[in-house]
Structure formats: structure tokens, C-alpha cells
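*Asks:* Quick one: the structure is below, questions incoming.
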Amino acid sequence: AQTVTQSQPEMSVQEAETVTLSCTYDTSESDYYLFWYKQPPSRQMILVIRQEAYKQQNATENRFSVNFQKAAKSFSLKISDSQLGDAAMYFCAYRRRKTSYDKVIFGPGTSLSVIP
Amino acid sequence: DTEVTQTPKHLVMGMTNKKSLKCEQHMGHRAMYWYKQKAKKPPELMFVYSYEKLSINESVPSRFSPECPNSSLLNLHLHALQPEDSALYLCASSRSGGKGETQYFGPGTRLLVL
């Protein structure tokens, strides 16, 4: 069975600094997707970034980038120039590549605080 | 427009009440989902509808009854709930449910069962 682990339940970062959130996963599949979702307090969950396992290049979206290490089954999220609006719960998620629906496996989450 | 809307935002109900949660999207998505989320926990999948047909039921108790009247609308009917059912109920949608599609989440309905 696939599992997703986030070993840091809580993290904090100074505004304008860089922070890295860790995620590891376990799977026997070779083709899959990885996601980072952000859920601010009392606001809806949004996709931050996604990575397709067959792509070697690490995904980036503005200040957000990932370090995808397929062999190590590691998928960390780097947030550069942290802003107050980055404070949120961050969930790492995994999904097998299938044409029909397959369940998204979420990690337990990392709560990120941004210190002004 | 990448919006999923949910009503009501908050709901308080007694254990004998019957209520419904509503979710709507106008993105032309054909897969819609209900999740349950407890505080500081990840969402737990409850149901998946694909092309208006129930395709996944994650062994959810029968006091939760989903309904998909059309491709834009998803309801969750609640009856005889227990206090432990108090949670944030999230709706999400995606294009067709396949591959690694992005799921778009609604803001959720915060449910309190007394």
C-alpha cells in the first residue's frame, strides 16, 4: 500500500526567508503524481505544485519549488521569500497514474507559521 | 472560473435531524468528490462520482447519502448523525477523475452535531 509521510508536524519561518518542508512516500509503482496542497486557516485547500514522476525536471511555481528524488522517494517543497500569506497547513499527496479514478493519498500535514 | 462553491458554510444539527450539504461547480468537470476533514488532519475520501455515477464509496456509514442530480451539482444528505461526525466536509471536482488531474476544492461546510 502507498503511504505518505511528513515528519515535521509544525515549522516556522521568518518573513522573507526560505523554508523547506519534507515529504517521503512509499510505493512500488514507477509512474505516479505528487502534489503539494496548501490549506490556510478557515480557507479552502488549493494546489501549490504538482510533479509527474516520469519527469526528471523539478517543478517550480513562482516562489515554490520542489526537490524530487525518485530513487529516495522524497518530495520536498521549498518556499522562497516567505510571506505572511504562506502561513497554512501543507499536505503532500500521492496518486498513481491511472486512466480511471484512483485515490489521492495525503500525508498528515505540516503546519507552517510565518513570523513577521 | 476555477471555483467550487459549498453551502451552507456552517451547520449545527441534532442527532435526529435531516439536513443536506450542497456543492456546485461550473467548470465542466465530470468527477466530483466528498471528503471529511477533522481538525489538523488530512482530508479523508468519502465518495467519488464520475459522470454522475457513484464510482467509489469508502465504506461510509449509511447515515451519509450522496446524490449527484447533474454534472454540476453534488449533494450530501445527512440523517441521524453522531457527534463524532462533526467535521469539515469538503467537496472537490476534477476534469474526469483520471490520471493526475488537479482536484479543485470548495471552502467546506463546517458541521457540528449535538
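Chains A and B, in that order, are what the protein sequence lines are.
Mapping of the first sequence onto my numbering: residues 697 to 812, in sequence order.
Mapping of the second sequence onto my numbering: residues 29 to 142, in sequence order.
From the three backbone atoms N, C-alpha and C, an ideal C-beta is built for every residue, glycine too.
Note down the Cα distance separating lysine 64 of chain B from glutamine 702 of chain A, rounded to an integer number of angstroms.
*Replies:* Those two C-alpha atoms are separated by around 20 angstroms.
*Asks:* Check the Cβ-Cβ distances between valine 800 of chain A and every residue of chain B, and say whether any is below 8 angstroms.
*Replies:* It does: the Cβ of valine 800 of chain A has a partner Cβ on chain B nearer than 8 angstroms.
*Asks:* So which residues on chain B does phenylalanine 787 of chain A lean against when the C-beta distance must stay under 7 angstroms?
*Replies:* Per Cβ cutoff of 7 angstroms: Pro70.
*Asks:* Whole angstroms are fine: how far does the CA of arginine 739 of chain A sit from the CA of lysine 66 of chain B?
*Replies:* Their Cα atoms are separated by approximately 14 angstroms.
*Asks:* Assign leucine 780 of chain A to one of three DSSP states: helix, strand, or coil.
*Replies:* Leucine 780 of chain A: helix per DSSP, three-state reduction.
*Asks:* Nearest chain A C-beta to threonine 130 of chain B closer than 8 angstroms, yes or no?
*Replies:* Output row for threonine 130 of chain B: interface = yes.
*Asks:* When you check each C-beta in the region 737-771 of chain A against every C-beta of chain B, which residues fall closer than 8 angstroms?
*Replies:* Going along the region 737-771 of chain A in chain order, one finds Arg739, Gln740, Met741, Ile742, Leu743, Arg746 and Glu748 with a Cβ nearer than 8 angstroms to chain B.
*Asks:* Does DSSP put glutamate 72 of chain B in a helix, a strand or coil?
*Replies:* Strand, per DSSP.
*Asks:* Do we get a CB-CB distance below 8 angstroms when we pair proline 36 of chain B with the residues of chain A?
*Replies:* By this cut-off, proline 36 of chain B is not an interface position.
*Asks:* Quick check on this structure: which residue in B:Ser114, B:Leu116, B:Ala120 and B:Ser87 has the alpha carbon closest to the alpha carbon of cysteine 96 of chain B?
*Replies:* The residue with the shortest Cα to Cα distance from cysteine 96 of chain B is B:Ala120.
*Asks:* Could you check whether the Cβ of serine 42 of chain B sits closer than 8 angstroms to any Cβ belonging to chain A?
*Replies:* What sits at residue 42 of chain B in the sequence shown is glycine, not serine. Glycine 42 of chain B does not count as touching chain A.
*Asks:* Classify aspartate 727 of chain A: buried if its beta carbon has 16 or more other beta carbons within 10 angstroms, exposed otherwise.
*Replies:* Exposed, since its Cβ has fewer than 16 Cβ neighbours within 10 Å.
*Asks:* Closer than 8 angstroms, Cβ to any Cβ of chain B: which residues of the region 714-728 of chain A, in chain order?
*Replies:* Taking 8 angstroms as the Cβ-Cβ cut-off against chain B, the residues of the region 714-728 of chain A that qualify are Tyr728.
*Asks:* Closest Cβ-Cβ distance between glycine 781 of chain A and chain B: below 8 angstroms?
*Replies:* No, no contact with chain B.
*Asks:* Say whether chain A places a C-beta atom closer than 8 angstroms to the C-beta of valine 76 of chain B.
*Replies:* Valine 76 of chain B counts as touching chain A.
*Asks:* Taking proline 812 of chain A as the query, report the chain B residues whose CB atoms sit under 8 angstroms from its CB, ordered along the chain.
*Replies:* Ordered by position in chain B, no residue passes the 8 angstroms Cβ test against proline 812 of chain A, which lies about 23 angstroms from the chain.
*Asks:* Does the structure place the region 734-750 of chain A close enough to the region 761-778 of chain A that three or more beta carbon pairs sit under 8 angstroms?
*Replies:* Yes, the region 761-778 of chain A is in contact with the region 734-750 of chain A.
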